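full-length UniProt numbering applies: residue 1 is where the sequence shown begins, and numbers increase by one. Even glycine gets a Cβ: it sits at the ideal position worked out from N, Cα and C. Since this is a predicted model, take the numbers as computed values, not measurements. To keep things clear, I will list the structure first and then write my remarks on it.
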Amino acid sequence: MSKDRTSGRSGPENTTGDKSAKDTHYATLRRAHRDAKRERGEIPTPPPQKRKRAGADDWKPPALAPDQVYLYGLHTVRAALANPERKNIKLSATQNALVRLEIGPVEELGIPVEIVSPQDIDKVLGPEAIHQGVMLETRPLPVRRLEVLKDSPLLLVLDQVTDPHNVGAIMRSAVAFDAGAVITTQRHSPTESGVLAKSASGALELIPYIQITNLADALGELHRLGFVTIGLDSEGPAPLEGTFSGEKVALVLGSEGKGLRQKTRETVNALARLDMPGAIKSLNVSNAAAIALYAARSYLKT
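Pasting the structure below:
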């Protein structure tokens, strides 16, 4: 084996080893950076079909009790553990994920902590779940009533938006623009779940998610609480920015395909559109929600 004359280290053989170690180090850093961006919602999680794992076709979800919820993903679980309104049951994590959670001494959590393998979590969540090695068994958040929102100047109401990924993204925007709650129907809307929480990336713990039985009745109650309700409709008679009035605003958005239901259109105080000068005249509901929230916040500041 030759020696490097300038440093005394081994020659080409050792250089190859150093390069391999360095490549592994940088690959680890890149993965950590990419995971952090996904947790913050800055880049999307790869769709399931691109991450299909062995056993996906054979997996069947376990039967869950009505008050049983499994949350997963580093950011989601970290936010749930920090939420004093959560009643947590058990934390399951790989040794590496437990370190990455950065939650301090596990003895202070007050719940059992189980060290598991990724495959153990796959058996509960399914092989397609992007769980990052951590899963939290918990109870649903407490039910909230509309009357507690009377002091919030901005609310977001969803008329049967069914996709939990869209609702999760909407929650993130609602928290970003300091909305008081996301209100939706009990039917044809996602319940609290791991998919919804993962898509919300922590926002589920930061904003009330209120599910009501009758949307028209709920809008009537919001009117009594002093809210001006504005429904977003691509055929609305006026641009949204010229429709605002009053000191409290509740934005109402319809489902991904059908938009607002007729009863909802008849119940809101006003219908408005998002003016789009480009060739595309419609947006995903989560994108439309973010734009509408920005416009509402701009109005409320004046």
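Asked, Found
"Cβ-based neighbour list, Pro61, same chain, cut-off 8 Å, excluding 5 preceding and 5 following", "Gly126"
"Close-in-space but distant-in-sequence residues of the same chain around Ser286 (CB under 6 Å, 5 per side omitted)", "Asn166, Ala169, Ile170"
"Neighbourhood of Ile210 by C-beta, 6 Å cutoff - its chain only, sequence neighbours within 5 removed", "Arg144, Ala181, Ile183"
"Secondary structure of Gln132, DSSP reduced to three states", "coil"
"Residue of Ala176, Glu221, Leu222 minimising C-alpha distance to Gly202", "Ala176"
"Gln119 in three-state terms, based on DSSP", "helix"
"Nearest candidate by alpha-carbon position, reference Thr70, set Glu85, Asn83, Leu91, Asp58", "One point to set straight first is that residue 70 is Tyr, not Thr, in the sequence displayed. Minimum Cα distance to Tyr70 is reached at Leu91."
"Cβ-Cβ distance between Ala164 and Pro140 below 7 Å", "Residue identity check: residue 164 is Pro in the sequence provided, not Ala. Not in contact: Pro164 and Pro140 (Cβ atoms no closer than 7 Å)."
"Inter-residue Cα distance where the pair is Gly236 and Gly73", "39 Å"
"Arg30, DSSP secondary structure in three states", "helix"
"According to DSSP, residues forming a beta bridge with Glu114", "Ser92"
"Bridge-paired residues (DSSP) for Pro239", "Arg273"
"Beta-carbon gap between Thr229 and Leu222 smaller than 7 Å", "yes"
"Contacts around Pro142, its chain only, beta-carbon distance under 7 Å, and the 5 residues preceding and following it disregarded", "Glu85"
"Beta-bridge partners of Asp159, as assigned by DSSP", "Gly254"
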